[in-house]
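Student: Quick one: the structure is below, questions incoming.
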Amino acid sequence: MSLTATRVIRMFTGLMVVYQLVLLVTDLLHLMCRSLYLTLRTAWCTLSPPRPKSIVGEVVLVTGAGHGIGRELSLQFGRLGAKVICLDINETTNKKTVSDINLEGGAAWGYQCDVSSREEIRQAAAQVRSDVGEVTILVNNAGIMPAKPFLRHSPEDITNIFSVNIFSHFWMVQEWLPSFITQGSGHIVAISSIAGLMATSNLVPYCSTKYAVKGLMDGLTEELRYADRHPNIHLTCVHPFIVDTGLSKNPRIRFPSINVITSPAQCATRIIDGVRREEEVICIPGRDYYFIKLMNILPREVYKAVLDFFDTGMDEDDE
Ligand SMILES: NC(=O)c1ccc[n+]([C@@H]2O[C@H](COP(=O)([O-])OP(=O)(O)OC[C@H]3O[C@@H](n4cnc5c(N)ncnc54)[C@H](O)[C@@H]3O)[C@@H](O)[C@H]2O)c1
Numbered sequence: 216m217s218l219t220a221t222r223v224i225r226m227f228t229g230l231m232v233v234y235q236l237v238l239l240v241t242d243l244l245h246l247m248c249r250s251l252y253l254t255l256r257t258a259w260c261t262l263s264p265p266r267p268k269s270i271v272g273e274v275v276l277v278t279g280a281g282h283g284i285g286r287e288l289s290l291q292f293g294r295l296g297a298k299v300i301c302l303d304i305n306e307t308t309n310k311k312t313v314s315d316i317n318l319e320g321g322a323a324w325g326y327q328c329d330v331s332s333r334e335e336i337r338q339a340a341a342q343v344r345s346d347v348g349e350v351t352i353l354v355n356n357a358g359i360m361p362a363k364p365f366l367r368h369s370p371e372d373i374t375n376i377f378s379v380n381i382f383s384h385f386w387m388v389q390e391w392l393p394s395f396i397t398q399g400s401g402h403i404v405a406i407s408s409i410a411g412l413m414a415t416s417n418l419v420p421y422c423s424t425k426y427a428v429k430g431l432m433d434g435l436t437e438e439l440r441y442a443d444r445h446p447n448i449h450l451t452c453v454h455p456f457i458v459d460t461g462l463s464k465n466p467r468i469r470f471p472s473i474n475v476i477t478s479p480a481q482c483a484t485r486i487i488d489g490v491r492r493e494e495e496v497i498c499i500p501g502r503d504y505y506f507i508k509l510m511n512i513l514p515r516e517v518y519k520a521v522l523d524f525f526d527t528g529m530d531e532d533d534e
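Quick look at the structure:
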């Protein structure tokens with residue numbers, strides 16, 4: 216190769232390196248400006264939250280609608296003008312929720328469905344499509360919480376907790392997400408728990424499923440937002456502390472005025488408000504969000520010492 220050709224190649228390589236450096240610096244500057252803008256916007260939205268969107272006419276499907284948080288969510292969505300699809304394994308309590316919504320002047324439909332069964336979810340979805348149409352807001356709420364030491368959970372117990380608390384979310388999302396994508400909009404809400412951010416004893420399988428709910432929602436959020444493909448499909452993951460529904464049978468709370476138990480109505484109101492403002496993560500009470508962030512930057516031994524100090528958790532269920 217001639218000397219001139221070698222020089223040209225060297226010069227070209229040098230120019231490429233400079234070009235890539237300029238691109239990298241531009242990208243970094245863009246990232247810094249964007250991060251600053253988004254931080255300021257988040258701070259502004261915290262001080263002055265956006266107006267909640269209307270949900271009149273939305274078709275909201277709530278699992279576990281027969282009792283507790285699911286029942287309250289269904290009633291409150293009904294009062295706000297949504298068409299409410301109630302699913303529960305318990306036909307009697309589910310029918311009561313449906314008739315209470317209809318008595319209040321709302322519109323509700325009920326379907327008995329064991330959400331741990333993919334086949335029952337498919338059948339219920341087909342019925343919902345023929346009776347009401349496509350769902351626009353999916354609320355994966357149904358859950359169970361047996362509390363006992365790890366080695367006393369039978370394999371059947373563990374399988375069932377996973378089937379109800381997490382696999383049901385997968386089957387539900389696989390059932391309804393395709394129509395959200397076709398419509399170009401939709402909202403998926405998942406009820407995890409504070410136990411999905413901070414594990415506790417006697418609830419090892421339960422905590423595992425609630426961490427998995429967070430994993431599912433975080434992963435799905437990333438997949439749907441990649442390349443801004445689905446800007447109008449929203450996801451909200453909810454992490455309540457104890458709610459007074461009877462699910463938590465033997466809560467142990469050292470400072471009840473700090474670790475406050477919420478009523479199902481308060482919990483549902485907060486969830487619906489967050490959904491209407493398109494919040495991605497909701498902790499109930501809200502300050503738990505910051506507490507857990509702080510706990511996670513502490514050294515592990517300090518983290519455990521703080522947990523010991525608060526001495527808050529779940530004693531095992533009475534047999
Ligand atoms: N109550 C709390 O302290 C608390 C705290 C954090 C998170 N959560 C979560 O909130 C959700 C609702 O809890 P809750 O306290 O309202 O419970 P709940 O026991 O009051 O109501 C749960 C409802 O789900 C239904 N259900 C149970 N298994 C089902 C199945 N296989 N198929 C269909 N429906 C089924 C029940 O029949 C019941 O109507 C759960 O996912 C729970 O883990 C509850």
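Reminder that position 209 of the sequence shown reads as 424 in the working numbering, one-by-one numbering, no gaps. Cβ atoms here follow ideal geometry from the backbone N, Cα and C, with glycine treated the same way. Since the structure is predicted, the reported quantities are computational estimates derived from the model, not experimental observations.
Thinking C-beta only, is residue 391 closer than 9 Å to residue 341?
Tutor: It is not a contact, given that the beta carbons lie outside the stated cut-off.
Student: Going by DSSP, what residues sit across from residue 324 in a beta bridge?
Tutor: Note: residue 324 sits in a beta bridge opposite 300.
Student: Less than 6 Å between C-beta atoms, sequence neighbours within five positions excluded: which residues of the same chain meet that for residue 422?
Tutor: Hits under 6 Å: 410 and 414.
Student: For the beta strand (DSSP E) holding residue 353, just list the boundary residues, first then last.
Tutor: Unbroken beta strand (DSSP E) run through residue 353: 352 to 355.
Student: Measuring from the CB of residue 475, is there a heavy atom of ligand 1 at a distance below 8 Å?
Tutor: Residue 475 Cβ: outside cutoff for every heavy atom of ligand 1.
Student: Under three-state DSSP, which class holds residue 529?
Tutor: Residue state, collapsed to three classes: strand.
Student: In this structure, what does DSSP give as the bridge partners for residue 347?
Tutor: Beta-bridge pairing links residue 347 to no other residue.
Student: Is the separation between the beta-carbon of residue 489 and that of residue 476 shorter than 9 Å?
Tutor: No, the Cβ-Cβ distance between residue 489 and residue 476 is not below 9 Å.
Student: If you drop the 5 nearest sequence neighbours on each side, which residues of the same chain put their C-beta closer than 7 Å to that of residue 358?
Tutor: The residues are 279, 379, 380 and 406.
Student: In this structure, does DSSP put residue 278 in helix, strand or coil?
Tutor: In this structure, residue 278 counts as strand in the three-state DSSP scheme.
Student: On the DSSP letters alone, give me the boundaries of the beta strand (DSSP E) that residue 453 sits inside.
Tutor: Counting along the chain, the beta strand (DSSP E) containing residue 453 begins and ends at 448 to 455.
Student: Straight-line CA distance for residue 440 to residue 456?
Tutor: Taking the straight line joining both Cα atoms gives about 28 Å.
Student: On the CB-based measure, 16 or more other CB atoms within 10 Å of its CB, does residue 309 come out buried or exposed?
Tutor: Under this definition residue 309 is a buried residue.
Student: Kindly indicate which three-state DSSP category residue 467 falls into: helix, strand or coil?
Tutor: Here residue 467 sits in strand by DSSP.
Student: Just checking, does the region 260 to 270 make contact with the region 461 to 468 on the three C-beta pairs under 8 Å criterion?
Tutor: The region 260 to 270 vs the region 461 to 468: no contact.
Student: Whose CA, out of 298, 263, 236 and 258, lies closest to the CA of residue 171?
Tutor: Here the chain covers residues 216 to 534 and nothing more, so residue 171 does not appear.
Student: Pick from 356, 471, 377 and 522: whose alpha carbon is nearest that of residue 451?
Tutor: Out of 356, 471, 377 and 522, 356 has the C-alpha closest to the C-alpha of residue 451.
Student: Measuring only from the beta carbon, is residue 328 closer than 8 Å to any heavy atom that is part of ligand 1?
Tutor: Yes; taking the cut-off as 8 Å, the Cβ of residue 328 has a heavy atom of ligand 1 nearer than that.
Student: Have a look at 484, 492, 511 and 515 and flag the residue whose alpha-carbon is nearest the alpha-carbon of residue 500.
Tutor: The option with the nearest alpha carbon to residue 500 is 484.
Student: What whole-angstrom Cβ distance do residue 459 and residue 478 have, given they're in contact under 8 Å?
Tutor: Right, the Cβ-Cβ distance comes to about 5 Å (below 8 Å), so this counts as a contact.
Student: Residue 427 and residue 365: beta carbons closer than 9 Å?
Tutor: Cβ distance not < 9 Å, so residue 427 and residue 365 don't count as in contact.
Student: For the candidate residues 493, 438 and 284, whose alpha-carbon lies nearest to that of residue 402?
Tutor: Closest option to residue 402, Cα to Cα, is 493.
Student: Measure the C-alpha to C-alpha separation of residue 393 and residue 240 and round it to an integer number of angstroms.
Tutor: Rounded to whole angstroms, residue 393 to residue 240 spans 39 Å at the Cα level.
Student: Measuring alpha carbon to alpha carbon, tell me which of 319, 397 and 314 ends up nearest residue 281.
Tutor: That would be 314, whose Cα lies nearest to the Cα of residue 281.
Student: Output yes or no for whether 9 Å exceeds the beta carbon distance between residue 330 and residue 383.
Tutor: Yes, Cβ-Cβ distance for residue 330 and residue 383 is below 9 Å.
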